[in-house]
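Undergrad:
Number of protein chains: 4
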Amino acid sequence: MTNKRKIINDPVYGFLTIDDDLLYDLISHPYLLRESQIKQLGFTYMVYPGAMHSRFSHMLGALNLMNRAIDVLRSKGVTISDEESLGVKVAILLHDIGHGPFSHTSEHMLADIDHETFTLLFMQRLNEQFNGRLSTAISIFDDTYPRHFLHQLVSSQLDMDRLDYLARDSFFTGVSEGIVGTERIINMLNVTDDMLVVDEKGVYSIEKFIISRRLMYWQVYMHKTVIVADNIFYNIMRRARELYKPTDETSLLHFLTHRHSEADFRTDPSLLDLFATIDDNDVITTVKKWIHHDDKILRNLSSMLINRHLSAIKVGNQPVTSDLVDSLRERLCQLFDIDRTETEYYIGTGILRNNAYNFNDQEIRVRLKDGSILDISEASDQLDHRFLEKQVTKYYVYYPKELRQS
Amino acid sequence: MTNKRKIINDPVYGFLTIDDDLLYDLISHPYLLRESQIKQLGFTYMVYPGAMHSRFSHMLGALNLMNRAIDVLRSKGVTISDEESLGVKVAILLHDIGHGPFSHTSEHMLADIDHETFTLLFMQRLNEQFNGRLSTAISIFDDTYPRHFLHQLVSSQLDMDRLDYLARDSFFTGVSEGIVGTERIINMLNVTDDMLVVDEKGVYSIEKFIISRRLMYWQVYMHKTVIVADNIFYNIMRRARELYKPTDETSLLHFLTHRHSEADFRTDPSLLDLFATIDDNDVITTVKKWIHHDDKILRNLSSMLINRHLSAIKVGNQPVTSDLVDSLRERLCQLFDIDRTETEYYIGTGILRNNAYNFNDQEIRVRLKDGSILDISEASDQLDHRFLEKQVTKYYVYYPKELRQS
Amino acid sequence: MTNKRKIINDPVYGFLTIDDDLLYDLISHPYLLRESQIKQLGFTYMVYPGAMHSRFSHMLGALNLMNRAIDVLRSKGVTISDEESLGVKVAILLHDIGHGPFSHTSEHMLADIDHETFTLLFMQRLNEQFNGRLSTAISIFDDTYPRHFLHQLVSSQLDMDRLDYLARDSFFTGVSEGIVGTERIINMLNVTDDMLVVDEKGVYSIEKFIISRRLMYWQVYMHKTVIVADNIFYNIMRRARELYKPTDETSLLHFLTHRHSEADFRTDPSLLDLFATIDDNDVITTVKKWIHHDDKILRNLSSMLINRHLSAIKVGNQPVTSDLVDSLRERLCQLFDIDRTETEYYIGTGILRNNAYNFNDQEIRVRLKDGSILDISEASDQLDHRFLEKQVTKYYVYYPKELRQS
Amino acid sequence: MTNKRKIINDPVYGFLTIDDDLLYDLISHPYLLRESQIKQLGFTYMVYPGAMHSRFSHMLGALNLMNRAIDVLRSKGVTISDEESLGVKVAILLHDIGHGPFSHTSEHMLADIDHETFTLLFMQRLNEQFNGRLSTAISIFDDTYPRHFLHQLVSSQLDMDRLDYLARDSFFTGVSEGIVGTERIINMLNVTDDMLVVDEKGVYSIEKFIISRRLMYWQVYMHKTVIVADNIFYNIMRRARELYKPTDETSLLHFLTHRHSEADFRTDPSLLDLFATIDDNDVITTVKKWIHHDDKILRNLSSMLINRHLSAIKVGNQPVTSDLVDSLRERLCQLFDIDRTETEYYIGTGILRNNAYNFNDQEIRVRLKDGSILDISEASDQLDHRFLEKQVTKYYVYYPKELRQS
């Protein structure tokens, strides 16, 4: 037969099954293959050396969880047509396709577009190439498909995206605190009145999930060394943009020195293809080259990133005072014999924010045995509003290590 | 050499190393071998079929963690003499030796002594047999040894007992919610002013530990099916004691029908040896025999336990009213055509209680980078007093399944 | 609905799903619950303390693998009716139900029947109780069902029984050498001409499976300490049978002192129910009691087993000479001051035998990409006939430890 | 204190401990950081998406195993001085530092030097920078240190390099067939007459190790899709070298278009620093750029690699005949309308070879309980000479996919 059923080894789940020709053709498309060259966690490998896993593997992993979720829901009597099943699988497979290299930081540097818009641009382009076979997937993704719970499987507090990335990032960083009972949560999913809900027996697992997510947030996603690397990389891009006139020397420089809007991408189809050629390799190669750049600032910053001569960082519960920043700048001027304006490439501040459960976001709903629906904050004995609403805000300032020792 | 270095396979940690002759001789002693016939989690296997692991494997596991803890502390400059090292290892190895079969339930049924007292009785007896080589271990265990942190390694909020049983019970039940970063926590241990403390970097792991413990509590240790089995078993022992005159027919019956005090055990050394012959096998064999007992109540209860015709149970947040209990009894009298007094063997109530972190108990202290010491409730951004102090209390009533359907 | 869909935690696979009322009712039946009191690996826990897992958990595990195998085969276009699916699931669930306590050793001691016959007796009895709903299962089990590959899923070189017990025994002993890519093998199964075959891509996994099985054989199943314990237990039963007249004192003694044939079990239906009341608990309780028996031999043997004062054993590649046995007996007579006849309870010999791949047994067939079928010995580059046919035979003699030191 | 004790999360072992300032300074050195940008398994991620792990993580992993090996040997009474301990740790940490990007393929393309020589060049340079503190490490590495077993820990059939990469590659590819009982093997190591040996109890683990290595070889290291990617990449480099005159445009092009000998590197110290700036990123960035190269061949090959339009490959047990190659070339000429000389960039042949145990290489020696030493082929019942000596040789031919379909 022409069936392209494929089994792919995955260290997190053992096996991933690709059971449809469209899915098979999509994962062979250059737009997706490109994600195999983009790390899921950017510079996190500087702290957790195992965290080299690609966005590509996350896309496959989320697809795998979607396969299971559909099986579970169907076994509980939820009707999902084959068209819907394929649509929701394609939607989860492509949900992150808009991410560029180190996208956390580069997102608004390379274009005036966020990664969600890029995702839609890619999906629509692929839909043209595949003769409209992605239409259902797109409507599920942008929540215009009539059955809302399908969208929730792709994007909500309990979507397959989050379930996979928590499991995967925990696995590759080796941070066992982030281990989540993914399989159990999926087994507890159900649908009521077109809403994705969790069966009552799953409450404990949801509690664990919320807490693990929070711990991963602080221990991995907001790790202070990674924050520092991100800021240095941001300053590198900022400085490069100041130095370079619009140029097409490389794809990366093109996007760094032009400032394309969504309209540009829609007007000129070749732009998206050009954007699709950029990945982590271009970033690192370029920054390595800049270690020998004429501009001292770009040179210094590039060397700091590549040779991991990372800045010091202080994280605290109070906003960083301008007095502190001023005095750091002052000392840096003296120490390095530089202008005050130059110090802003080396010293900066920022805010980290996280709450366990965002009430503005979609809720996690629990279906009790008697059929009634409660929010997790009501259904849980362990987690109440006070805990869930608590927003942790931290403030940081980073500055050259040399200031620490003087 | 005569060195009895021994490596034992353990599914939780891979390997356990016994590196001292005394330890080797102890784990070959009948008092300890007996614990290989006593399940760590009693009747929990009725819900989690994998939970057949023995108290013996827990004792070895806790010893293994102690080995690591000593290595970590020594590498951080904490002085621990070889005598102290062996003492604290023996103490953790023997810390649970006082547990009898299904001891959660049988504890006060088989003697007027709790399991901690039994542990001391066994330790002292072994100390005689081993010519005083357990003296340091005993003083660490009963906290009379001058260096308090050694006792804390054996018994405190972060002792090797808890760290092992959470990891082990989570492993064998398959409840991934209970997975704790045991190795990371041990790596973060330190000693300040003779107190066991956690280095600041370990705060996240402690948060995860506290929460996992809480989830394990409700999902495993207080699982309602296990509560029912425990209650039925309790009623079986109660009824048997009413029916039997003091008898020596079997060791189990001896202790069930006599009521020995600690003084008895001290006066008559053979009593402890007799007690040491009882394990899970005697309990199950005896209850199986009672399925054919002349007494109808004992017969019924025994059959309910063995054939898992377990009672129904309702768990709620409000105390069970006497009205509800009365009406259940009333209906049972009619349904089974029995006396009202008989119903109390089939219907009963109880309370389940747990708070995340017991402030009356020892605290978990965190050492910040600046050397100051904080309680975890102050050092943690995620867990504050409100969360940690919150005590969850639940009330249950159990009754024959037949009442549910009528 | 009345659907009894049930999810059971299992440490090996995470979750087991029971998706049919008949399966649910079977796993609640006393005949099966009894297997939760029978250890899968008998006395192996004396060497591997984690190996306390029950035959019950193995039965559930094999059922779980069968669920997956059916899904895989159906996804490859193999037609399996719902009736057949349920039949083959029931067959694998019940395939080991004939095992009694420590059945490896006790098999021919408790009745003149092997455990396969007991399995059929139990199946037929259950079929009566469930009004013939097990008929398909029984015909698949005894290979009278027309579609042979269904039987092969239950009993062949690659049946779900073996795949589960290798994975499970490796998991609970902690012997990582036995880890098999169970999931991968099942993914590679297929059916050709009513034969279970392995797709060509699965050859490497089969090689690993054959070798792992061989290593598990020597490292676990034939571990010499376990062999010793088995022999002591055998001698205990032998001695007890000599001492006791036919008695009904306990179920265990009944079967030990009578000698029932298959005909007896068919004539008297109550016999099977009586047999079903015996489990590991009865064995250990009884042997513990015999530590105080009047008969010195029974007393000694029982103490050796319970207190693990196990015999010494020598395993070699040459048959044990009668000269060696004679001289051991001679020395034992002198050392213990006993009769020569008595020595045969303490000294004995035996043979251990294993080949990697039994050619008399069913073959493992591989389907190449071109559709042709080869035996694994031809399809594999690594394993050839010479390797696979090689039968390892070892000879052992055991004798009291005291002889070793004199 | 100034102690730079560091704990690094590692998904394979949980934790890695860096317990010496020299080790800490080395892993912060640009020469080593560079290895975090070089994948351990090159293009293997095209088949196993999880296999993105870096050589850096392997170097840390091997160091971790060395830590354990030293502990085990010392606990068995083998004297290892602190100087030797640090030396052998540094040696294993740096053992792979000579690897460049995709070094399997690029090794002789970028310089006339193999990676072992590069390793020595780097070690000697570092030794200068660290004032001779690496001298012991270097003498252990090049086997001039008097105690030979230390070298064997770094380079032999059972060195920490192999033990780590088998475990690590198995982990990240998700190929469970490669799982090896690493911890058990290390526990079984010992030293006799200055030779690294395995205690008799470790024979089973060694058998499993040899077989797992063999399976990993065919399932991962020699996976045919990876072989194809390697060949395409080789042809890309070959073609580029033909097209480019010596150029310094980028570091990669410098080395691709010059042909430096070991003498060059010794004469001009800056060459090694230049070489140290190249990593995987440069390779991918460059090949991506060549997709738009003027030269059609380079353009085609680059596109095939990046867009994974990989060649077809046939692997067989017989040498590929020149007739077959000729006919493939003929058909390609017609299909693509190209010259015959051009076909050699698209069509090629090669040999894959592996035997389980290389007798020319160092042996694995087993120490029996009686103290005698045997080779594993004699000590093992499972593996005999016939099996171990068996060399598997396969022959392959690759050619454009288009030829397959015509």
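Residue numbers (my numbering), protein chains in the order written: chain R, 1 to 406; chain U, 1001 to 1406; chain S, 2001 to 2406; chain H, 3001 to 3406. Note that CB positions come from ideal geometry on N, CA and C, so glycine has one too.
(1) How about Q409 (chain R): is its C-beta nearer than 8 Å to some C-beta of chain H?
(2) Please tell me whether S406 (chain R) has its Cβ less than 8 Å away from any Cβ of chain S.
(3) Out of R:G348, R:M123 and R:I306, state which residue places its alpha-carbon closest to the alpha-carbon of V325 (chain R).
(4) So is G2014 (chain S) in contact with chain R if we call contact Cβ pairs under 8 Å?
(5) Taking the alpha-carbon of Q1037 (chain U) as reference, which of S:L2328, S:D2082, S:G2350 and S:R2308 has the nearest alpha-carbon?
(6) Can you give me, in chain order, the residues of the stretch 2152-2174 of chain S that have a beta carbon less than 7 Å from any beta carbon in chain U?
(7) Going by DSSP in three states, R3214 (chain H) sits in which element: helix, strand or coil?
(8) By a C-beta neighbour count over all protein chains shown, 10 Å radius and 16 as the cutoff for buried, is Q318 (chain R) buried or exposed?
(9) How is D1370 (chain U) classed by DSSP in three states: helix, strand or coil?
(10) Taking one C-beta from the stretch 3208-3218 of chain H and one from the stretch 3088-3102 of chain H each time, how about it: are there three or more such pairs within less than 8 Å?
(11) Specify, as a first and last residue, the run of the alpha helix (DSSP H) that Y2234 (chain S) falls within.
(12) Y204 (chain R) to G181 (chain R), Cα distance in whole Å?
(13) Taking Cβ positions, are I3232 (chain H) and S3311 (chain H) nearer each other than 8 Å?
(14) Would you decide whether N281 (chain R) is buried or exposed? Buried here means 16 or more other CB atoms lie within 10 Å of its CB.
(15) Taking 8 Å as the cut-off, does the stretch 2279-2293 of chain S touch the stretch 2025-2040 of chain S (at least 3 CB pairs, one atom from each stretch)?
(16) What residue range is occupied by the uninterrupted beta strand (DSSP E) comprising N1009 (chain U)?
(17) Please report the residue range of the beta strand (DSSP E) in which N3190 (chain H) lies.
(18) Mind listing the chain U neighbours of N2300 (chain S)? Cutoff is C-beta to C-beta under 9 Å, in chain order.
(19) Pop quiz: M59 (chain R) and M160 (chain R) are said to be a contact at Cβ under 8 Å. What is the actual Cβ separation, rounded to whole angstroms?
(20) For S106 (chain R), count the other beta carbons within 10 Å of its own beta carbon; 16 or more makes it buried, fewer makes it exposed. Which is it?
(21) Out of curiosity, what's the CA-to-CA distance linking I2179 (chain S) and S3176 (chain H)?
(22) When you compare the CB of E1183 (chain U) with every CB in chain H, is at least one pair closer than 8 Å?
(23) Within 8 Å, do at least three Cβ pairs link the stretch 50-59 of chain R to the stretch 3045-3063 of chain H?
(24) DSSP three-state call for S1057 (chain U): helix, strand or coil?
(25) Leaving out five residues on either side along the sequence, give the residues of the same chain with a beta carbon under 6 Å from the beta carbon of T3017 (chain H).
(26) Check each residue of the stretch 46-60 of chain R: if its Cβ is closer than 7 Å to any Cβ of chain H, include it; give the result in chain order.
(27) When the Cβ atoms of the stretch 3112-3129 of chain H are set against those of the stretch 3085-3094 of chain H, are three or more pairs found closer than 8 Å?
(28) If the cut is a Cβ gap below 8 Å, which residues of chain U does I179 (chain R) touch?
(29) Exposed or buried, which one is N1300 (chain U) when buried takes at least 16 other CB atoms within 10 Å?
(30) Output needed for D337 (chain R): all residues of its chain with C-beta closer than 7 Å, excluding positions within five of it in sequence on either side, in chain order.
(31) What runs of the beta strand (DSSP E), each 3 residues or longer, lie entirely inside the stretch 1145-1194 of chain U?
(32) Can you confirm whether F359 (chain R), when its beta carbon is compared against all beta carbons of chain U, has any partner nearer than 8 Å?
(33) Please confirm if Q2219 (chain S) has its CB atom under 8 Å from at least one CB of chain H.
(34) Is there at least one Cβ from chain S nearer than 8 Å to N231 (chain R)'s Cβ?
(35) If we ignore side chains and look at the alpha-carbon of each, how far apart do V3283 (chain H) and H3108 (chain H) end up?
(36) If we ignore side chains and look at the alpha-carbon of each, how far apart do A3379 (chain H) and V3366 (chain H) end up?
TA: Based on what the coordinates show:
(1) The requested residue 409 (chain R) does not occur in the structure, where chain R is confined to residues 1 to 406.
(2) Low per-residue confidence applies at S406 (chain R): pLDDT is 44, beneath 50, and the placement is therefore not dependable, though the value from the model is reported in the following sentence. Taking 8 Å as the CB threshold, S406 (chain R) stays off the interface with chain S.
(3) In terms of Cα proximity to V325 (chain R), the closest of R:G348, R:M123 and R:I306 is R:G348.
(4) Yes, G2014 (chain S) lies at the interface with chain R (some Cβ there is under 8 Å from its Cβ).
(5) Closest option to Q1037 (chain U), Cα to Cα, is S:R2308.
(6) Of all residues in the stretch 2152-2174 of chain S, F2171, F2172, T2173 and G2174 have a Cβ within less than 7 Å of some Cβ in chain U.
(7) Three-state result, R3214 (chain H): helix.
(8) Its Cβ having fewer than 16 others within 10 Å, Q318 (chain R) is exposed.
(9) Reduced to three states, the DSSP call for D1370 (chain U) is coil.
(10) No contact exists between the stretch 3208-3218 of chain H and the stretch 3088-3102 of chain H.
(11) Unbroken alpha helix (DSSP H) run through Y2234 (chain S): K2224 to L2243.
(12) Approximately 10 Å between the Cα atoms of the pair.
(13) In this structure, I3232 (chain H) lies near S3311 (chain H), with their beta-carbon atoms less than 8 Å apart.
(14) So N281 (chain R) ends up on the buried side.
(15) Enough Cβ pairs lie closer than 8 Å, so yes.
(16) Where N1009 (chain U) is concerned, the enclosing beta strand (DSSP E) stretches over K1006 to D1010.
(17) Its beta strand (DSSP E) spans residues L3189 to T3192.
(18) Neighbours of N2300 (chain S) on chain U: none; closest Cβ ~15 Å, over 9 Å.
(19) Actually they are not in contact, since the Cβ atoms of M59 (chain R) and M160 (chain R) sit about 11 Å apart, beyond 8 Å.
(20) Result: buried.
(21) When only Cα atoms are considered, I2179 (chain S) and S3176 (chain H) end up about 8 Å apart.
(22) E1183 (chain U) counts as touching chain H.
(23) The stretch 3045-3063 of chain H is in contact with the stretch 50-59 of chain R.
(24) The answer is helix: DSSP assigns S1057 (chain U) an H, G or I state.
(25) I3007, listed in sequence order.
(26) Within the stretch 46-60 of chain R, the residues whose Cβ lies closer than 7 Å to any Cβ of chain H are, in chain order, Y48, P49, G50, M52, H53, S54, F56, S57 and L60.
(27) The stretch 3112-3129 of chain H vs the stretch 3085-3094 of chain H: in contact.
(28) One finds S1176 and I1179 in chain U with Cβ atoms closer than 8 Å to the Cβ of I179 (chain R), taken in chain order.
(29) It counts as buried.
(30) Closer than 7 Å at the Cβ level, and outside the excluded window around D337 (chain R), lies no residue.
(31) The DSSP assignment places 1189-1192 as complete runs of the beta strand (DSSP E) inside the stretch 1145-1194 of chain U, in order along the chain (cut-off: 3 residues).
(32) Unreliable placement is indicated for F359 (chain R), whose pLDDT of 46 sits below 50; the coordinate value is still reported in the next sentence. At a cut-off of 8 Å between beta-carbon atoms, F359 (chain R) makes no contact with chain U.
(33) Q2219 (chain S) counts as touching chain H.
(34) Not an interface residue.
(35) Each residue's Cα considered, the two are about 15 Å apart.
(36) About 7 Å.
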